[in-house]
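In what follows, a single structure is set out as structure tokens and then discussed.
2 protein chains.
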Amino acid sequence: MTQLSEEAEVTAALLIIGNEILSGRTKDANLPFLAEKLNGIGVRLREARVVPDIEAEIIDAVNALRARYTYVFTTGGIGPTHDDITSECVAKAFGVALERNPEAVGRLQAHYQTTEINEARLRMANIPAGGILIDNPVSKAPGFQIGNVFVMAGVPMIMQGMLESLLPRLRGGAPMLARTVSCDLAEGTLAEGLGATQGRYPEIEIGSYPYLRNKKYGVSLVLRGTEEARLDEATQAVARLVRDLGGEPSITIGYA
Amino acid sequence: MTQLSEEAEVTAALLIIGNEILSGRTKDANLPFLAEKLNGIGVRLREARVVPDIEAEIIDAVNALRARYTYVFTTGGIGPTHDDITSECVAKAFGVALERNPEAVGRLQAHYQTTEINEARLRMANIPAGGILIDNPVSKAPGFQIGNVFVMAGVPMIMQGMLESLLPRLRGGAPMLARTVSCDLAEGTLAEGLGATQGRYPEIEIGSYPYLRNKKYGVSLVLRGTEEARLDEATQAVARLVRDLGGEPSITIGYA
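Line by line, the protein sequences give chains A and B.
Per the working numbering, numbering of the first sequence is gapless, rising by one per residue and ending at 256.
Per the working numbering, numbering of the second sequence is gapless, rising by one per residue and ending at 512.
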């Protein structure tokens, strides 16, 4: 376990909404994308949850997470069909009305031909009272922010566009930097020395991830921290440990 | 939203443990695998959470989930390194001691050469008191079951081996069956009729998932349920709806 300084840490949680994730039908691709963007602006993704399209589950999760983290991001459930219930659940979580937002209606009207506008599509303009729209550069129907909760689409390309457009609203901290030391030693061989190294660098998070690639076992030792000099010092210490144990360390800036 | 009959439903949650998922470094592959296996034996995956390698977070999540679902599966954090703290956290969640398990020690001794056995590797034989081992056909260090919680490795190949070996212990229900109706209509065109169809088949869960493939938009309408005749009837109703709206439905058994 790593003890990081918690002072002034800006944190976030992701709430993934949708039966299709829990059925195994759809593999979530939004968590890694969000995580990387948040690393870059110094916001730490601290938890993720996946819940089904059930009102009480969504409301409970939104309220649990928004009380606990600086920011909450949700993905999924803001389309025009009957199983898209995220917006009304978020309104209920905040105890506000769900209102037809004129600006959102305008964006839909500009995008669709008059004959295509129907009640189902207009549902996508229903936004909790007080919500601030999030631009959707792909298919126009906006997401929204209410309080510290950012509601986005589930389709990765749309989610990515929405996230890019809302990033400037976020207050971040020092970006999280990463280094990876890879080698073909076994985790069990490295464990004692690695634990000692972690003890000497408490502000650096050191993780050990074994892998099997091209039928060869190896381990990626990932170091993360916000102070580059200290991170590089710890990385060199880990590389030395690998060499001392007869391995050949390969260092990558970032993840590997 | 879909109202499914909750009577005698066997439910499960997945707890994914590890900083590497929340940093975006590692993409989880265990959720879809678990979901598919559980669908097959009639256990419904109802929630997933991802938590970091922090003791209090793991303990809280284990206790919240085990109180709520028939089964809880955890992945990650049972290796030999300092960041592997799942077993001690699960012991604390259950309020029992973490003990060196003789059977687990025996399996490690049979697997490793005498010179390779060290304290770090023996940590992998520390199992909460009362835990029942889960076989690891890949790298021998076992997982374990305590109460309704099943603790597995995070490396997908090992997790998959462990899951196969524990499946016979689970009590399931009627397998969840799926059908997919794909077409190139827009969701907003389908929404009204789809909602009406969902209303007529309340025991079938109907989800609508738009996609962009080869630069063409389309939508997959996924139907899930446990009664095959009724599922096929609902599938035909959805296919008819697509045809009535000028689309060409393509039906797949399972997900598409």
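Glycine included, each C-beta is placed from N, C-alpha and C at the ideal position.
All of these numbers come straight from a predicted model, not from anything done at the bench.
Per DSSP, reduced to three states, the secondary structure at E187 (chain A) is helical. Ranked by Cα distance from M413 (chain B), the options B:Q492, B:V394, B:L422 and B:A430 are led by B:V394. As the crow flies, the alpha-carbon of Q109 (chain A) is around 44 angstroms from that of K293 (chain B). Counting only runs that start and end inside the segment 350 to 378 of chain B, the alpha helix (DSSP H) elements of at least 4 residues fall at 358 to 367 and 375 to 378. Cβ-Cβ distances below 8 angstroms link I117 (chain A) to L108 and Q109 in the same chain, with the five nearest sequence neighbours on each side left out; the list follows chain order. At least one CB of chain B lies nearer than 8 angstroms to the CB of E116 (chain A).
The Cβ atoms of V10 (chain A) and G173 (chain A) sit closer than 8 angstroms to each other. Excluding the 5 residues flanking it on each side, I277 (chain B) has same chain C-beta neighbours closer than 6 angstroms at D284 and V306, in chain order. Listed along chain A is no residue with a C-beta nearer than 7 angstroms to that of E420 (chain B); the closest approach is about 16 angstroms.
In chain order, K283, D284, A285, L287 and P288 make up the part of chain B whose C-beta sits under 9 angstroms from the C-beta of K27 (chain A). For R107 (chain A), no CB of chain B lies under 8 angstroms from its own CB, so it is not counted at the interface with that chain. It is roughly 37 angstroms from the alpha-carbon of G207 (chain A) to the alpha-carbon of S87 (chain A). Assignment of L245 (chain A) by DSSP, reduced to helix, strand and coil, places it in the coil class. As a beta-bridge residue in DSSP terms, S464 (chain B) pairs with B:L477.
Of all residues in the segment 264 to 277 of chain B, the ones placed with a Cβ closer than 9 angstroms to any Cβ belonging to chain A are L270, I272, G274, N275, E276 and I277, in chain order. In this structure I272 (chain B) is in contact with T331 (chain B), their Cβ atoms being roughly 5 angstroms apart against a cut-off of 8 angstroms.
Linking V478 (chain B) to R456 (chain B) through their CA atoms gives a straight-line distance of about 16 angstroms. Where I21 (chain A) is concerned, the enclosing alpha helix (DSSP H) starts and stops at N19 to L22. CA-to-CA, the gap between I314 (chain B) and F350 (chain B) works out to about 12 angstroms.
In the three-state reduction of the DSSP assignment, N136 (chain A) falls in the coil class. The residue from A:V181, A:D184, A:D135 and A:Q198 with its alpha-carbon nearest to that of P168 (chain A) is A:D135. Taken atom to atom, the span from the alpha-carbon of Y71 (chain A) to that of A153 (chain A) is near 17 angstroms. Taking 8 angstroms as the Cβ-Cβ cut-off, the segment 211 to 224 of chain A approaches chain B at Y211, L212, V222 and R224, given in chain order. For the set B:T445, B:V346 and B:E459, the Cα lying nearest the Cα of E484 (chain B) is the one of B:E459. In the three-state reduction of the DSSP assignment, A268 (chain B) falls in the strand class, which pools E and B. Think of a sphere of 9 angstroms around the beta carbon of S208 (chain A): the chain B residues whose beta carbon falls inside it are G335, P336, T337, H338, D339 and D340, in chain order. Sixteen is the threshold: when 16 or more other Cβ atoms of the shown chains lie within 10 Å of the Cβ of D84 (chain A), as they do, the residue is buried.
Straight-line spacing of the CA atoms in L287 (chain B) and G254 (chain A) works out to 25 angstroms. Counting along the chain, no beta strand (DSSP E) covers N30 (chain A); the unbroken alpha helix (DSSP H) around it starts and ends at N30 to G40.
Setting aside the 5 residues that flank it on each side, I132 (chain A) is surrounded in the same chain by F144, Q145 and I146, each with a C-beta closer than 8 angstroms to its C-beta; the list follows chain order. Out of A:L45, A:T197 and A:I251, the CA that lies nearest to the CA of H338 (chain B) is found in A:T197. Secondary structure note for G143 (chain A): its beta strand (DSSP E) is the uninterrupted segment G143 to I146. In terms of Cβ geometry, G130 (chain A) and V96 (chain A) form a close pair [threshold 8 angstroms]. Residues of the segment 38 to 71 of chain A that bring their beta carbon within less than 7 angstroms of a beta carbon in chain B comprise N39, L45, R46, E47, A48, R49, V50, V51, P52, D53, I54 and E55, in sequence order. Around the beta carbon of N214 (chain A), fewer than 16 other beta carbons lie within 10 angstroms, which makes this residue exposed.
Contact annotation: in the segment 428 to 449 of chain B, residues whose CB is within less than 9 angstroms of a CB in chain A are M432, A434, T436, A442, E443, G444, T445, L446, A447 and E448.
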